[in-house]
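Asks: If you want our numbering, it's the position in the sequence shown, counting the first as 1, plus 40. Every residue, glycine too, gets a C-beta built ideally from N, C-alpha and C.
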Amino acid sequence: MMFATLDKIKDPKTGEWRERDKAETEELAFRHKSLMQSGHLEATPYVIDPNKILWTVQDGSKGYEVKKFLMEQPEVEEFEWDQKKTTKASWNFGTRRSPPSS
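(1) What's the gap between the Cα of residue 84 and the Cα of residue 114?
(2) Examine the Cβ distances between the segment 85 to 96 and the segment 65 to 75 and report whether three or more of them are shorter than 8 Å.
(3) Quick one: measure Cβ to Cβ for residue 116 and residue 81, integer angstroms, because I've assumed they're closer than 8 Å.
(4) Report the partner residues of residue 116 according to the DSSP bridge assignment.
(5) Could you tell me which residues DSSP pairs with residue 87 in its beta bridges?
(6) Under the assumption that residue 93 contacts residue 44 (Cβ atoms under 8 Å), give the Cβ distance between them as a whole number of angstroms.
(7) Between the Cα of residue 112 and those of 96, 124, 76, spot the shortest distance and give me the residue it belongs to.
(8) My understanding is that residue 51 touches residue 58, with C-beta atoms under 8 Å, so please give their C-beta distance in whole angstroms.
(9) Can you tell me the Cα-Cα spacing of residue 109 and residue 56, whole angstroms?
(10) Is residue 53 helix, strand or coil when you go by DSSP?
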């Protein structure tokens, strides 16, 4: 099983940072699923908390592709797969490229 934890969002009315509600998380899960399908990647989301989505795949060999896609999404703060957590900071560190030389 794979879990994606979402970041907080700024409430447009109050200006306060807050967790998404269930409807906002479901909308985001649907959008991510649609984007994955357009890339021929089948994954099924289940919203288990207002800011956490459980993802399942029929073909376990596609797990890394799901992880890569989700970690590239700005809303995903953390990804857990087989009890191993990857944070946005550690993911960006591992994929960061050196700036071009002047």
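Replies: Put simply:
(1) 19 Å
(2) yes
(3) Rounded, the Cβ-Cβ distance is 15 Å, inconsistent with contact.
(4) 46
(5) 93
(6) 5 Å
(7) 76
(8) 5 Å
(9) 28 Å
(10) coil
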